[in-house]
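Accompanying notes for the structure given below.
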Amino acid sequence: MYVIRLADGTLRVPQSLSSEDGRLIGNAYVDVQPGDPDYEQWLPESLTEEEAELRRRRWEEENDELEREFLAFKAQQEDA
Numbered sequence: 001m002y003v004i005r006l007a008d009g010t011l012r013v014p015q016s017l018s019s020e021d022g023r024l025i026g027n028a029y030v031d032v033q034p035g036d037p038d039y040e041q042w043l044p045e046s047l048t049e050e051e052a053e054l055r056r057r058r059w060e061e062e063n064d065e066l067e068r069e070f071l072a073f074k075a076q077q078e079d080a
């Protein structure tokens with residue numbers, strides 16, 4: 001999940017909620033407005049909606065080698 005910078009400057013910051021024992025309950029985006037205390041922290045890593053979509057598309061198109069490497073690693077772990 002990426003920090004998304006909207007046209008009006010609002011940042012959509014991913015946030016996860018987990019239970020006390022660490023299980024993931026859900027993922028969501030929280031809007032952070034210019035002037036909010038955390039805004040400057042998230043701004044440098046934010047992407048426009050178009051940049052985020054381009055990364056998603058590129059990942060889908062170019063992840064075959066990484067997926068093969070992961071599956072090989074996973075198989076090694078299961079054999080160990």
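The UniProt record's numbering puts the first residue of the sequence shown at 1, with every later residue one more than the last.
Positions of the beta carbon are idealized from the N, C-alpha and C atoms, including for glycine.
Computed from a prediction, not measured in an experiment: that's the story for all the values here.
Rounded C-beta distance between T10 and D31? I'm assuming under 8 Å. Along the sequence shown, read from residue 1 onward, the residue named residue 10 stands at position 10. Along the sequence shown, read from residue 1 onward, the residue named residue 31 stands at position 31. Their Cβ separation, rounded to whole angstroms, is 5 Å, which keeps T10 and D31 in contact under 8 Å.
Coil, strand or helix - D8 by DSSP: For the purposes of this step, residue 8 is identified with residue 8 of the sequence shown, where counting begins at 1. Of the three classes helix, strand and coil, the one that applies to D8 here is coil, per DSSP.
Following the continuous beta strand (DSSP E) through Y29, name the residue where it begins and the one where it ends. The sequence position of residue 29 within the sequence shown is 29, counting from 1. That run of the beta strand (DSSP E) goes 24–32.
Any chance the CB of Q77 is under 7 Å from a heavy atom of the ligand ATP? With respect to the ligand ATP, the structure shown offers nothing to examine, as it has no ligands at all.
If you draw a straight line from the alpha carbon of N63 to that of D8, how long is it in whole angstroms? Here residue 63 corresponds to residue number 63 of the sequence shown, with the count starting at 1. Here residue 8 corresponds to residue number 8 of the sequence shown, with the count starting at 1. The alpha-carbon atoms of N63 and D8 are separated by roughly 32 Å.
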